[in-house]
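Novice: There's a structure below that I have some questions on.
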Amino acid sequence: KRIAVLCSGGGTNLQALFDAQANGTLKSGFVCLVIANKKDAYALKRAEGQRIATLVIEKHKGQASLFEQRLSEALKENSIDLVVLAGFLCILSPSFVRNYPNRIINIHPSLIPSFCGKGYYGLTVHRAALEYGVKVTGATVHYVNEIPDGGAIIAQKAVSVLPGDTPESLQKRVMEQAEWVLLPQCVETLCAERGAEMDLKQLLKGNRY
Ligand code: GRF
């Protein structure tokens, strides 16, 4: 399976996918394209270090449809099977996501449906969790549909909130203990399942059942 990862920033989740490829836990899919909406996204450097193709597609005000058109073209040209949003800070339009049913997934740093949706990203998520006083938080991998952070949940991993946590310390623990573990696992499972589905279809076709 051919995977594209869309990022806006540091790309530590992208790195987790590269590491999983290197240690063999991600073997049914391969990250072959990294797209960023900002040219200074450090995720691009990580991809270049792995000799993976990169693309910068900026989203200019009032030009959302041009942005999405370029995105679609890139996905098509690279025969992408699965799109992973990993710290991608652009919301994709309903018409765009409808064209990729169950083919776009996102990682969110909370246990959805808590602390998610528009406006909840990065440290704001962890700040809100601490302000609310939850004792457990975590990460969620979910399908992307037309509602921000509203698609079907694929998997979640819980992380304890500890006394004295700051948004920064909580973010670090959620990344280390949940995000970087959960995302590669989910990507492998999805790619393996889809590979098997396709093999089965081929088999049935070949045997004229
Ligand atoms: C992660 O916390 C991810 O869950 C969220 O944005 C952050 C991106 O981090 N959507 P990185 O770019 O993968 O380091």
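Going by full-length UniProt numbering, the sequence shown opens with residue 3, and the numbers climb by one from there.
Glycine residues also receive a C-beta, built at the ideal position from the N, C-alpha and C atoms.
#1: Assess, as a yes-or-no matter, whether the stretch 65-77 is touched by the stretch 15-26 under the definition of 3 or more beta carbon pairs within less than 8 Å.
#2: Is it true that the CB of residue 19 sits closer than 8 Å to the CB of residue 185?
#3: Let me know if residue 160 comes out buried or exposed under the rule of 16 or more other beta-carbons within 10 Å of its beta-carbon.
#4: May I ask you to check if the CB of residue 122 is nearer than 7 Å to at least one heavy atom of the ligand GRF?
#5: Just to confirm before moving on: does the CB-CB distance between residue 128 and residue 176 stay below 8 Å?
#6: Is residue 59 near residue 48, with beta carbons less than 8 Å apart?
#7: In the DSSP assignment, the alpha helix (DSSP H) including residue 22 goes from what residue to what residue?
#8: Comparing C-alpha positions only, which one of 38, 137, 53 and 57 sits nearest to residue 92?
#9: Starting from the C-beta of residue 67, find all residues in its chain whose C-beta is less than 8 Å away, skip the five residues before and the five after it, and write them out in chain order.
#10: Which residues in the same chain have their Cβ closer than 6 Å to the Cβ of residue 182, if we skip the five residues on either side of it in sequence?
#11: To the nearest angstrom, how far is it from the Cα of residue 83 to the Cα of residue 106?
#12: Which of the three DSSP states, helix, strand or coil, is assigned to residue 117?
#13: Buried or exposed: where does residue 86 fall if 16 or more other Cβ atoms within 10 Å of its Cβ makes it buried?
#14: Tell me where the beta strand (DSSP E) around residue 84 begins and ends.
#15: Among 90, 193 and 119, which has the Cα closest to the Cα of residue 40?
#16: Just curious, the beta strand (DSSP E) that residue 98 is in, first and last residue?
#17: Between residue 141 and residue 163, how many whole angstroms is the CB-CB distance? I'm expecting something under 8 Å.
#18: I need the DSSP call for residue 161, collapsed to helix, strand or coil.
#19: Provide the residue(s) that pair with residue 9 in DSSP beta bridges, ordered along the chain.
#20: From the DSSP output, in three-state form, read off residue 69 for me.
#21: Taking 7 Å as the cut-off, is the C-beta of residue 110 nearer than that to any heavy atom in the ligand GRF?
#22: Just the C-alpha distance for residue 45 and residue 102, rounded to the nearest angstrom, thanks.
Specialist: On the basis of the data shown:
#1: no
#2: yes
#3: exposed
#4: no
#5: yes
#6: no
#7: 14-24
#8: 38
#9: 95
#10: 18
#11: 9 Å
#12: coil
#13: buried
#14: 84-87
#15: 90
#16: Run containing residue 98: none in the beta strand (DSSP E); it sits in the alpha helix (DSSP H), 96-100.
#17: The pair is not a contact, with the Cβ atoms about 13 Å apart (cut-off 8 Å).
#18: strand
#19: 38
#20: helix
#21: yes
#22: 23 Å
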